[in-house]
Amino acid sequence: MHPNPIDKTPSFSSLSLDEQLLSAVKKMGFEQPTPVQLQAIPLVLEHKDLLVSAETGSGKTAAFLLPTLQHLLNLSSGKAGTRALVLTPTRELAQQIFKHCQQLTEFTDLQTGLITGGDDFRLQQNMLRRNTDIVIATPGRVLELMEQEIPDFSNLEVLILDEADRMLDMGFSEDVLTIANSCNAGRQTLLFSATLTHFGVIKMADKVLKNHKVVALNTLYDGHRNIEQQIVLADDNDHKLKLLTWLLQNETYNKALVFTNSRIQADALRGPLRGQKLRVGVLHGEMDQKDRNRMMELFRDGEVKIMLATDLAARGLDIKGINLVINFDVPRNGINYIHRIGRTGRVDELGLTIALVKHTEWNLMSGIERFLKQKFKHRRIKELEGKYKGPKKLKASGKATGGKNKIEPKKAAVEKVKIRDRDKKNVGKRRVPTVKQDVDFNPL
Ligand code: AMP
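Okay, so the sequence shown: first residue is 73 according to the working numbering, each after it adds one.
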């Protein structure tokens, strides 16, 4: 096939891969890199940890194999043990990747091994003892071999978790973590999943990746997620507070986490929510460790079912039973969004996450949707329907047309006046009950 002269897609040869690998790629009939290969290969070559959402059929296997093989070719290890390990959920997939890897290494001296249940244990032991460079495996059999102290991952350079969401759905979470913990801590880790909005994947990413980059390539509506994501439009922060209160009073949940972008906002919500007889706690970075620990304990034990938190405070928070996450403020970027929603749910549960979005946040929210390649469901709360219905016109990107976050100027001006009047009238009224009822739960 002749290359199209106006086609600007870079070729494989622009990706800094050795001739031996390029020859294999050519022999396999690959003419141009797929989008996931174009985005992931340069980052893997920089030795970055990566979280990638890509589906089967996207060319994801070559996206992690090619740069990993390149890395193995660049540096000869001279050390004992396996240099790269690919963990994958099923035997069939492991066999497929093994075949792919054999084809890609055809013109190199690199040795590929396969470890799956059902195959001869002794042969696999011997293969591992021969320091095979790259091993493709299912977690169960690797663990069995680890019990015999056979595999040596202490010098492992690259760990790849392929189809991580499926692996976790199949109950391999603990096994994968045990294997990852037995690997060289200085390794590079690549986590591939069909979806980024799978709480297990996010939690796994928290545990196994370091300063990772994200490449999101899945389709707009992916069916794998177990976190339902909704958007509720709001006029302003007062309206948001009413919506938040309504949601906390009417949704069914075990524990709820409410995110704000600042400590000041988190503190500001506490009083009014307590005024509505909601038992809430606050968790932010400026609390001293003792208070934070106590707050976490109350939340963990279910004494406090609602926690107001900032991103920093919630990092690494692993508390069971959080099945509602509300973004009072839209997070500043997609990574923070993923971390926030990753706090919901458990393996066998569904989580719900709701973002309260005012007009100044529309573009930020649509940027997050684009980043995740997902469209969230718009929900209306009949009892608290606001004036803001979203931008009149949208660009193809989903952002509002007509400059940054613009809404019709007249309406905006009217709204502003209205808010000011109401606020003035209610200043005294609102504060008194809040302070009184605040005493029903002493924070710390
Ligand atoms: P994967 O998503 O890795 O399962 O790959 C799906 C299929 O696409 C496999 O049959 C690959 O051999 C093939 N493939 C991968 N990369 C390319 C490419 N750049 N051009 C054409 N086919 C490819």
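Glycine is no exception: its CB is placed at the ideal position from the N, C-alpha and C atoms.
Q.
Just verifying my parser: in three-state terms, what is the DSSP assignment at alanine 96?
A. Walking along the sequence shown from the start, residue 96 turns up at place 24. Looking at alanine 96 - three-state DSSP - the assignment turns out to be helix.
(Q) Any residue with its C-beta under 5 Å from a non-hydrogen atom of the ligand AMP counts. Can you list them all in chain order? (A) The set, ordered by position in the chain, is Phe102, Thr106, Thr128, Gly129, Ser130, Gly131, Lys132, Thr133 and Ala134.
Q: Starting from valine 286, follow the beta strand (DSSP E) in both directions and report where the run begins and ends.
A: As a first step, residue 286 must be located in the sequence shown, where it is residue number 214. Residues 285 to 288.
Q: Count the other CB atoms, across all protein chains shown, that sit within 10 Å of the CB of lysine 490; report buried if there are 16 or more and exposed otherwise.
A: For this step, residue 490 is matched to residue 418 along the sequence shown. Legend: pLDDT at lysine 490 = 37, less than 50; position of this residue unreliable, value from coordinates given subsequently. Sixteen is the threshold: since fewer than 16 other Cβ atoms of the shown chains lie within 10 Å of the Cβ of lysine 490, the residue is exposed.
Q) Can you name the residues that DSSP bridges to alanine 209? A) Locating residue 209 in the sequence shown gives position 137, counting from the first residue. As computed with DSSP, alanine 209 is found in a beta bridge with Leu159 and Ile187.
Q: Kindly indicate which three-state DSSP category asparagine 498 falls into: helix, strand or coil?
A: As a position in the sequence shown, residue 498 is number 426, starting the count at 1. Note that asparagine 498 scores 40 on pLDDT, short of 50, meaning its location in the model is unreliable and no value can be drawn from it.
(Q) Suppose you measure from the CA of lysine 554 to the CA of alanine 472; what does that come to, to the nearest Å? (A) It is not possible to answer for residue 554, since the shown part of the chain is limited to 73 through 516.
Q: Would you kindly report the start and end of the unbroken beta strand (DSSP E) that includes glycine 406?
A: Reading the sequence shown from its first residue, position 334 is the one you call residue 406. Element bounds for glycine 406: not the beta strand (DSSP E) but the alpha helix (DSSP H), 406 to 413.
Q: Provide the residue(s) that pair with isoleucine 299 in DSSP beta bridges, ordered along the chain.
A: Start at 1 with the first residue of the sequence shown, and residue 299 comes out as number 227. Looking at the DSSP assignment, isoleucine 299 forms a beta bridge with Gly423.
(Q) Just to check my reading of the structure: isoleucine 453 and tryptophan 318 have Cβ atoms closer than 8 Å, yes? What is that Cβ distance to the nearest angstrom? (A) As a first step, residue 453 is located in the sequence shown; it is residue number 381 there, counting from the start. As a first step, residue 318 is located in the sequence shown; it is residue number 246 there, counting from the start. A Cβ-Cβ separation of about 6 Å places isoleucine 453 in contact with tryptophan 318 under the 8 Å criterion.
Q | Minimum C-alpha distance to threonine 210 - residue among Arg201, Ser226 and Leu231 | A | Working through the sequence shown from its first residue, we reach residue 210 at position 138. By alpha-carbon distance to threonine 210, the top candidate from Arg201, Ser226 and Leu231 is Leu231.
Q: Under 6 Å Cβ to Cβ from aspartate 401, same chain only, skipping five residues before and after it: list those, please.
A: Along the sequence shown, one-based indexing puts residue 401 at 329. If we look at aspartate 401 and ignore the five residues flanking it on each side, its Cβ neighbours are Thr332 and Asn333.
Q | Simplified DSSP assignment, three categories, for methionine 379 | A | The sequence position of residue 379 within the sequence shown is 307, counting from 1. Correct three-state label for methionine 379: strand.
Q. What whole-angstrom Cβ distance do leucine 186 and phenylalanine 170 have, given they're in contact under 8 Å?
A. For the purposes of this step, residue 186 is taken as residue 114 along the sequence shown, with counting starting at 1. For the purposes of this step, residue 170 is taken as residue 98 along the sequence shown, with counting starting at 1. Separation of the CB atoms of leucine 186 and phenylalanine 170 is rounded to 4 Å, and the pair is thereby assigned contact status at 8 Å.
Q. Hey, how far is the Cα of glycine 458 from the Cα of leucine 138?
A. Along the sequence shown, one-based indexing puts residue 458 at 386. Along the sequence shown, one-based indexing puts residue 138 at 66. A direct Cα-to-Cα measurement between glycine 458 and leucine 138 gives close to 52 Å.
Q. Applying the criterion that 16 or more other CB atoms from any shown protein chain within 10 Å of the CB defines a buried residue, is glutamate 235 buried or exposed?
A. As a working note, residue 235 is residue 163 in the sequence shown. So glutamate 235 counts as buried.
Q. What do you reckon, are the CB atoms on leucine 141 and leucine 262 nearer than 8 Å?
A. Taking the first residue of the sequence shown as position 1, residue 141 is located at position 69. Taking the first residue of the sequence shown as position 1, residue 262 is located at position 190. Not a contact, by the Cβ cut-off of 8 Å.
Q | Contact check, methionine 404 vs glutamine 302, beta carbons under 8 Å | A | Against the sequence shown, residue 404 aligns to sequence position 332. Against the sequence shown, residue 302 aligns to sequence position 230. Before going on, a small fix: residue 404 reads as arginine here, not methionine. For arginine 404 and glutamine 302, no; Cβs fall outside 8 Å.
Q: Excluding the 5 residues preceding and the 5 following aspartate 247 in the sequence, name in chain order all residues of the same chain whose CB lies nearer than 7 Å to its CB.
A: For the purposes of this step, residue 247 is taken as the residue at position 175 of the sequence shown. Closer than 7 Å at Cβ, skipping near neighbours: Pro211, Gly212 and Leu215.
Q | Limits of the alpha helix (DSSP H) - the one that glutamine 348 falls within | A | By 1-based counting over the sequence shown, the position of residue 348 is 276. Glutamine 348 -> no alpha helix (DSSP H), and no H or E assigned at all.
Q) Hey, is the region 175 to 184 in contact with the region 93 to 106, meaning 3+ C-beta pairs nearer than 8 Å? A) Yes, since at least three Cβ pairs between the region 175 to 184 and the region 93 to 106 fall closer than 8 Å, the two stretches touch.
Q.
Which complete alpha helix (DSSP H) runs does the region 207 to 249 hold, if anything under 4 residues is left out?
A. The qualifying runs are 211 to 219 and 236 to 241.
Q.
Using a Cβ-Cβ cutoff of less than 6 Å, which residues in the same chain neighbour alanine 112 once the five nearest sequence positions on both sides are dropped?
A. By 1-based counting over the sequence shown, the position of residue 112 is 40. The answer, listed in chain order, is Val124, Ala135 and Val287.
(Q) My output table needs one value for alanine 328: the three-state DSSP class, helix, strand or coil. (A) What you label residue 328 is simply residue 256 of the sequence shown in a count that begins at 1. Correct three-state label for alanine 328: strand.
Q: Quick one: give me the first and last residue of the beta strand (DSSP E) that glycine 470 is part of.
A: Looking up residue 470 in the sequence shown gives position 398. Premise fails: glycine 470 is in no beta strand (DSSP E) and is neither H nor E.
Q. What is the residue span of the beta strand (DSSP E) that phenylalanine 264 lies within?
A. On the sequence shown, position 192 is the one that residue 264 refers to. Annotation for phenylalanine 264: the continuous beta strand (DSSP E) segment containing it runs 260 to 265.
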